[in-house]
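Protein chains in written order, with our numbering: chain A, 1 to 255; chain B, 256 to 556.
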């Protein structure tokens, strides 16, 4: 087994033995299931409510798992000094970061699958037929999780868990509002604020790109070319973040 | 090809907001020979840990270079040849003893079949075979130290002899028998005196002394002699004082302290002449501890 995989498997095991994970998955399932109750309160819109709430829950709890488990992965190793004995083994530092990342992605994959299974059961109970559009929306949610995890891991290579949680949440919130940044910036011509907003727009991930939940719920078309470009965007952004994280980690002193 | 070769290794830290410079290790030059047990001595903060962290790639040197078995320390593959036992064991609490050793063994690239065998042997050797399914979270401090020792030996110790090697000292001596080199950092001096071939003394980031224990301490260097006698006449005591002995009376017993062994025979003659009965004669040799205190003290003066 190569060393990235060795670290990834151990990280997967680490997250599985962390209680926070089960709490998040439990509440995610609870929220997905509760959409049945909520849908009974409406007339004729049951299917939309169940789909909308289901996708939103999977998205929200996926992001929470990515951030709250992701931020601790690297910084906890430094804080608890377990990193000492790992660096002393024949493994390059960047492989350690990549292993940590892929371990968390594996955890997210398993958890998202559990929530998706819960979602489909809910659809079945609510007598809603699932369609391909839902799968497309779910796929992009997962790509978004790949990016958020990379953000959390990147911050976690050089700062404390608390700070990286704050930064990652900030990136997530602003990342969903980047189009607004652009609009706001265009109204402030030539000021320093405009330049700041513009650079934030280009720097931060445009997470709205991965959001096709609305289209999926309302039966609007999602073009394959759009899907492809969104996936490519996510992969490139993730690669840049991980490269940055590895570069920072590669030169770091462990006092 | 030396197991460890260090040339001008220097590490500076910048502390606080003023970015004040602090030199943790100052131009260390050191060579450790094949198959020796090298004791690296110094107070807390002398730079021992910094040196080890530099050698393992946990810290990057400000200046200087180092090689392990001829390869530069920047080369990650040197770690394939090194076992590291940290002074305080910080390991993955959520893993069981067996999972933990397997994980570390995989990082060394051991194949699954030989890994299973090796993990069993290691657990047996450090006396944790019964605890193999227990998570490290539930380990006592002593057990953590033993599992730490086991992980340090995953790769370096080839011919494991599971029986009778449970003591750290026995294991270190066993490694030496196999021709391995042991570099260890400590401030517990009697251990070092007993097993180390050579020692280096580090004071405030600088290497103060390096050499074999007997060379540094001197084999016959008797520091002082203490003699206890009983029933010696007062004139005899005065005679001893004239010879330079310091005298303390305790009832009928007299304790005589001589600063060196030159006058021992003269004092013994005096004791016999004055009907003293010799109770004990203890020569105090210069120990590593005295040398250590002298080197460290010298830098403080």
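Where is the CB? At the ideal position from N, CA and C, for every residue including glycine. These numbers come from a predicted model, not from an experiment.
To the nearest whole angstrom, what separates the beta carbons of residue 152 (chain A) and residue 67 (chain A), a pair I think is in contact under 8 Å? 5 Å
If you check the beta carbons only, do residue 287 (chain B) and residue 258 (chain B) fall under 8 Å apart? yes
Return the bridge partner residues of residue 294 (chain B) from the DSSP annotation. B:439, B:454
Quick check: is the beta carbon of residue 439 (chain B) nearer than 8 Å to any beta carbon in chain D? Of the protein chains in this structure, namely A and B, none is chain D.
Taking Cβ positions only, does residue 180 (chain A) come closer than 8 Å to chain B? no
From residue 111 (chain A) to residue 76 (chain A), what distance separates their C-alpha atoms? 22 Å
Using only the alpha-carbon positions, how far apart do residue 271 (chain B) and residue 279 (chain B) sit? 15 Å
Roughly how many whole angstroms lie between the Cα atoms of residue 144 (chain A) and residue 261 (chain B)? 48 Å
Opening and closing residue of the alpha helix (DSSP H) in which residue 488 (chain B) lies: Residue 488 (chain B) -> no alpha helix (DSSP H), and no H or E assigned at all.
For residue 343 (chain B), the first and last residue of its enclosing beta strand (DSSP E): It is not in any beta strand (DSSP E) - residue 343 (chain B) carries neither H nor E in the DSSP assignment.
Straight-line gap, residue 47 (chain A) to residue 33 (chain A) (C-alpha atoms, nearest Å): 13 Å
CB residue 324 (chain B) to CB residue 462 (chain B), shorter than 8 Å? no
Can you tell me whether residue 503 (chain B) is helix, strand or coil according to DSSP? strand
Tell me the DSSP bridge mates of residue 286 (chain B)? B:260
Using the C-alpha atoms, what's the distance from residue 180 (chain A) back to residue 256 (chain A)? Missing from the structure shown is residue 256 (chain A); chain A here goes from 1 to 255 and no further.
Taking a contact to mean a Cβ-Cβ separation below 8 Å, would you say residue 291 (chain A) touches residue 205 (chain A) in this structure? Lying before the first or after the last residue shown, residue 291 (chain A) is absent from chain A, which here runs from 1 to 255.
Counting only beta-carbon atoms, is residue 331 (chain B) nearer than 8 Å to chain A? yes
Using DSSP with H/G/I as helix, E/B as strand and the rest coil, what is residue 245 (chain A)? helix
Closest to residue 36 (chain A) by C-alpha separation, out of A:86, A:89, A:124, would be which residue? A:124
Please confirm if residue 10 (chain A) has its CB atom under 8 Å from at least one CB of chain B. yes
Closer than 6 Å by C-beta to residue 212 (chain A): which residues in its own chain qualify, once you throw out the five before and the five after it? Chain order, please. 137, 140, 222
Listed in chain order, which residues of the segment 80-103 of chain A have Cβ atoms closer than 7 Å to some Cβ of chain B? 80, 81, 82, 84, 85, 87, 88, 89, 90, 91, 92
Does residue 536 (chain B) get closer than 8 Å to chain A when you measure Cβ to Cβ? no
Listed from N- to C-terminal order along the chain, which residues in the segment 195-224 of chain A have their beta-carbon within a distance smaller than 9 Å of any beta-carbon of chain B? none
Quick one: grab the DSSP three-state call for residue 390 (chain B). strand
Using the Cα positions of residue 508 (chain B) and residue 527 (chain B), report the straight-line distance between them to the nearest angstrom. 15 Å
What do you get for residue 15 (chain A), buried or exposed, if any count of 16 or more other CB atoms within 10 angstroms of its CB means buried? buried
Taking residue 254 (chain A) as the query, report the chain B residues whose CB atoms sit under 8 Å from its CB, ordered along the chain. 308, 313, 314
Would residue 14 (chain A) pass as an interface residue toward chain B - the criterion being a Cβ-Cβ separation below 8 Å? yes
Cα-Cα separation, residue 551 (chain B) to residue 283 (chain B): 17 Å
Three-state class that DSSP yields for residue 177 (chain A) in the structure shown: coil
Since I believe residue 408 (chain B) is in contact with residue 362 (chain B) (beta carbons under 8 Å), could you give me their beta-carbon distance rounded to a whole number of angstroms? In fact, because the Cβ distance is near 14 Å, the residues do not count as touching under 8 Å.
Assuming residue 401 (chain B) is part of the alpha helix (DSSP H), what are its boundary residues? 396-407
What does residue 6 (chain A) touch in chain B if you count any residue whose Cβ is under 8 Å from its own? 358, 361, 362
Report all residues from its chain with a CB closer than 8 Å to the CB of residue 249 (chain A); omit the five preceding and five following residues, and keep chain order. 74, 93, 94, 96, 97, 157, 158
Consult DSSP for residue 254 (chain A) and reduce its assignment to one of helix, strand or coil. coil
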